[in-house]
Amino acid sequence: MNELEIELRYAIETHCHADHVTAAWLLRKQTGCKIAASAASEIQGLDLSLAHTDKVAFGQFSLEVFATPGHTDGCISLFLPDPSMVFTGDCLLIRGCGRADFQSGSAAQLYRSITEQLFSLPDQTTLCPGHDYDGRTASTIGEEKRLNPRIGGCANETDLVEFLEKMQLPHPKKIDIAVPANLKLGKPDDEPQAPEWAPVTTTYPGILEIPPQWVAANLNRVHVLDVRTQVETDEEPARVDSAQRIPLDELRERMDEIPRDKPVMNLCRSGRRSVMAFNILRNEGFTEVANVKGGLLAWYAEGLPII
Ligand SMILES: N[C@@H](CCC(=O)N[C@@H](CS)C(=O)NCC(=O)O)C(=O)O
Ligand SMILES: [Fe+2]
């Protein structure tokens, strides 16, 4: 999210899930977003309790809350009018629907939520369900009205109620872990600790990154590894004080020369090739290693000291 400069405003739970543990608590810890769900979900520790017809604004958009009970009695769906999209949680799924045989579910209520509320949205509305067990991500309201095998076509309430009763699905494999965890927002029992050796952040591909300003201010605590080529350093001899130089193409052979008593901060011209050095060092068992974000170009741009 940092990379894409996206600010996460809300993590909205459509209901208290029964088959996987929500990431809401970790997302809030990481980003400061607010966690929302319906009051009827009985989830504890919410920043925002939502009710039918509430609106959740973000940027130029606003999500409208629909109470769509049936799978659980706290289920909500979220409707975005333009572009027309609806996030249905486990109420209406792609060619399926939520089951109604646990967590105060009711098949009759589910029928009403789908037919009276979701099916009253425009046919072209994109439907994004909470899960899809076959990897599909979107459908439309019109498609599900026609083709949903449980509630599409001419299905009436009895058809759906009978269908759900007769399915006899096994309980979700993780229900005994997921429901209690989700009632407390997915807060882990053992909280993951931020690394103490440096204020690193993790990029989307899993690279630990460190701002050049922090490295410059903590040079005595870290080992800077400059992996530029010999030609580059001949042409541009300026370097970070105390930096060790090992060109990237010699790194694997010269691993023994890198001290292991301090965190290693990899540096190159632009911060691209030093990512490769990060991966090489990680494979060699270095745990406290990071990539200096933006490399020497960022170092110069920040006016940080060089020799
Ligand atoms: N195979 C899944 C099934 C989970 C399941 O039952 N999911 C619920 C949503 S929490 C459901 O409504 N499923 C509808 C269906 O499978 O048709 C698991 O064990 O985790
Ligand atoms: Fe669910």
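Quick note on numbering: the sequence shown equals residues 1 to 307 in our numbering.
Built from N, CA and C at the ideal position, the CB exists for glycine as well.
If you're wondering where the values come from, they're calculated on a predicted model, not measured in any experiment.
Backbone secondary structure at residue i - three-state DSSP
| i | result |
| --- | --- |
| residue 124 | coil |
| residue 129 | strand |
| residue 50 | strand |
| residue 275 | helix |
| residue 301 | helix |
| residue 307 | coil |
| residue 1 | coil |
| residue 64 | strand |
Residue environment, residue i, which counts as buried when at least 16 other CB atoms sit within 10 Å
| i | result |
| --- | --- |
| residue 197 | exposed |
| residue 189 | exposed |
| residue 242 | exposed |
| residue 162 | exposed |
| residue 134 | exposed |
| residue 293 | buried |
| residue 307 | exposed |
| residue 89 | buried |
| residue 238 | exposed |
| residue 153 | exposed |
| residue 273 | buried |
Those residues which DSSP pairs with residue i across a bridge
| i | result |
| --- | --- |
| residue 291 | 209, 266 |
| residue 245 | 226 |
| residue 10 | 34 |
| residue 92 | 97 |
Near ligand 1: residue i beta-carbon under 6 Å from a heavy atom
| i | result |
| --- | --- |
| residue 271 | no |
| residue 18 | yes |
| residue 99 | yes |
| residue 256 | no |
| residue 173 | yes |
| residue 152 | no |
| residue 96 | yes |
beta-carbon residue i near ligand 2 non-hydrogen atom, thresh 6 Å
| i | result |
| --- | --- |
| residue 90 | yes |
* Go through the stretch 153-225 residue by residue and report every complete run of the alpha helix (DSSP H) that reaches 4 residues or more, in order. => 157-167, 175-183, 212-217
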